[in-house]
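Participant: Each residue of the sequence shown is one higher than the one before, starting from 1290 at the first, in our numbering.
Here a beta-carbon is modelled for each residue, glycine too, at the ideal position from N, C-alpha and C.
Starting off with a structure, shown below.
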Amino acid sequence: MLEMSDLKAPLNINFSLEKARRAQISLSKMVIREDQISTPIRYVAGIDVAYFDKFSIGAAAVLSYKDFKPVEVKLAITETKFPYIPTLLSFREMPAAVAAIRRLEIKPDVCLVDGQGVAHPYRLGFASHLGLTLNVPTIGVAKSR
């Protein structure tokens, strides 16, 4: 299970847009862009966030890498507290995604995230931000760009 001690970057959405942008620029410099996984991959998680009314629903589905069979699925519902702002989507999606991932009993070796990674105007999309926060390798699977 993912513990608070596993968190590398701060997770705090109660700050201004100016602070969010500065945090984004600062965190983008911490992103590791090459494969540094030194142990065999056993579990891969898919991460996504959906919205309903004023709520965010985070989903984390873990698959066995060997046969791609699901081994665990967790959901988390949080109140959406950050507005939709292009290029700052990670700040809106992080609370629900992190809450779902923290519920997992199996820690994924890598996460496929519905969102941009470094293919982002500030080089810190949702996938990169989540990877830094959880200290887990991530791959952004974006719909555009």
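What is the DSSP secondary structure of T1422, reduced to helix, strand or coil?
Facilitator: Locating residue 1422 in the sequence shown gives position 133, where the first residue counts as 1. Of the three classes helix, strand and coil, the one that applies to T1422 here is helix, per DSSP.
Participant: Residue range of the beta strand (DSSP E) that A1386 falls in?
Facilitator: As a working note, residue 1386 is residue 97 in the sequence shown. That residue, A1386, is in no beta strand (DSSP E); its alpha helix (DSSP H) goes 1378-1391.
Participant: Should the stretch 1352-1361 be called in touch with the stretch 1413-1427, which here means at least 3 C-beta pairs below 8 Å?
Facilitator: Counting Cβ pairs under 8 Å, fewer than three are found: no touch.
Participant: Determine, using beta-carbon pairs with one atom in the stretch 1342-1350 and one in the stretch 1365-1384, whether at least three such pairs fall under 8 Å.
Facilitator: Cβ pair count under 8 Å is three or more, so yes.
Participant: For V1232, I'd like the list of residues in its chain whose CB is within less than 8 Å of its CB, leaving aside the five on either flank, ordered along the chain.
Facilitator: Nothing can be reported for residue 1232: it is not among the residues displayed for the chain, which extend from 1290 to 1434.
Participant: With a cut-off of 8 Å on the beta carbons, I'd call T1376 and G1406 a contact; round off their distance for me.
Facilitator: Looking up residue 1376 in the sequence shown gives position 87. Looking up residue 1406 in the sequence shown gives position 117. Wrong, their Cβ atoms sit about 14 Å apart, outside the cutoff.
Participant: Between the C-alpha atoms of A1416 and S1379, what's the straight-line distance to the nearest angstrom?
Facilitator: If you number the sequence shown from 1, residue 1416 lands on position 127. If you number the sequence shown from 1, residue 1379 lands on position 90. If you take the alpha carbons of A1416 and S1379, they lie about 8 Å apart.
Participant: Among M1383, A1408, V1320, whose alpha-carbon lies nearest the alpha-carbon of I1336?
Facilitator: Here residue 1336 refers to the residue found at position 47 of the sequence shown. Ranking the options by Cα distance to I1336, first place goes to M1383.
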